[in-house]
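Chains as they are written, first to last, in full-length UniProt numbering: chain A, 1 to 100; chain B, 1 to 100.
Working notes, structure below.
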DNA sequence: GCGGAAGTTTGAGAACTGTCAAACTTTGAA
DNA sequence: TTCAAAGTTTGACAGTTCTCAAACTTCCGC
């Protein structure tokens with residue numbers, strides 16, 4: 001496990017990449033669960049119906065697109081929604097997605 | 001050519017389908033060109049780099065998702081952005097996409 | 001009517017991506 | 001030090017979809 005996973009800066013965000021990230025139902029569900037919660041969530045604590053390794057893949061896609069920030073606490077990896085950064089880069093996008 | 005192509009009602013719009021429609025760069029470009037223009041646009045008049053038959057496919061995806069409305073004028077098919085309907089179903093979504 | 005213009009349909013190929021299984025790494029606790 | 005927990009990595013497979021080519025349909029103008 002990389003100690004410090006790569007996270008893009010806000011200036012590096014790309015709409016195409018963000019759209020490709022949230023178009024997947026599993027990933028969009030992850031984003032919505034983070035948005036609905038008032039705390040960061042461990043990878044293993046999400047309500048998703050895919051295998052562990054598949055989840056890892058989805059988290060990576062979300063992280064590289066700039067949607068989430070990941071950090072370790074012990075053996076667990078916590079996930080945080082980068083709401084402020086996203087609102088800066090694409091105002092209104094996250095809110096528009098919360099609907100569905 | 002079907003005289004009257006199928007268009008979904010606003011109540012039938014589905015976010016997942018809309019996202020799948022706009023995630024494709026060619027289709028998103030079509031939507032943006034319609035949004036930027038103050039008039040409807042013929043299929044053949046879009047600035048896209050794909051074959052005619054591929055374009056037909058993209059227009060169909062956009063139409064079935066509810067993003068555009070199509071109607072014939074002679075041998076030409078005109079395309080209109082369903083902005084009002086989309087704003088009703090997914091407020092803020094179209095505006096958020098106009099950025100990129 | 002005939003030919004051209006504008007799209008559509010169908011078929012097929014290439015590329016991408018979501019998924020799981022199995023093996024591996026790292027960390028915390030007993 | 002040993003073991004279990006939590007994720008990651010790699011490999012492979014299946015399904016989807018973007019794309020083009022070729023043949024076809026419809027409509028307009030000559």
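Even for Gly, the Cβ is constructed at its ideal location relative to N, Cα and C.
What is the residue span of the beta strand (DSSP E) that residue i lies within?
i: residue 76/A; result: 76–81
i: residue 30/A; result: Note, residue 30/A: premise wrong, no beta strand (DSSP E); alpha helix (DSSP H) at 25–36.
i: residue 101/A; result: Residue 101/A lies beyond the stretch modelled for chain A, which goes from 1 to 100, so this question has no answer here.
Apart from the five residues on each side of it in sequence, which residues of its chain come closer than 7 Å, Cβ to Cβ, to residue i?
i: residue 29/B; result: 48
i: residue 27/B; result: 21, 58, 61 and 62
i: residue 5/A; result: 63 and 70
i: residue 82/B; result: 66, 67, 68 and 69
Looking only at its chain, what residues have a beta carbon closer than 8 Å to the beta carbon of residue i, apart from the 5 residues adjacent to it on each side?
i: residue 13/B; result: 65, 66, 85, 86, 89 and 90
i: residue 10/A; result: 66, 85, 88 and 89
i: residue 41/A; result: 33, 34, 78 and 79
Anything in chain A within Cβ reach of residue i, meaning under 7 Å, just list it in chain order.
i: residue 93/B; result: 96
Round the Cβ separation of residue i and residue j to the nearest angstrom and send it over; I've been treating them as touching at under 8 Å.
i: residue 16/B; j: residue 25/A; result: 6 Å
i: residue 80/B; j: residue 32/B; result: That belief does not hold up - the Cβ atoms of residue 80/B and residue 32/B are roughly 14 Å apart, past 8 Å.
i: residue 23/B; j: residue 50/A; result: Not quite, the Cβ-Cβ distance comes to about 20 Å (not below 8 Å), so this is no contact.
i: residue 35/B; j: residue 94/B; result: 7 Å
i: residue 96/B; j: residue 96/A; result: 5 Å
Could you name the residues of chain A that residue i contacts, counting a contact when the two beta carbons are closer than 9 Å?
i: residue 22/B; result: 19 and 23
Using the beta-carbon of each residue, which ones in chain B are nearer than 9 Å to residue i?
i: residue 16/A; result: 23, 25, 28 and 100
How far does the alpha helix (DSSP H) with residue i in it extend, from its first residue to its last?
i: residue 95/B; result: 93–98
i: residue 17/A; result: 15–22
i: residue 64/B; result: 52–65
Spatial neighbours of residue i within its chain, please: C-beta separation below 6 Å, excluding the five flanking residues on both sides.
i: residue 76/A; result: 42
Between the stretch 66–94 of chain A and chain B, which residues of the former have a C-beta closer than 8 Å to a C-beta of the latter? Against chain B - using a Cβ distance shorter than 8 Å - the residues of the stretch 66–94 of chain A are 90, 91, 92 and 93.
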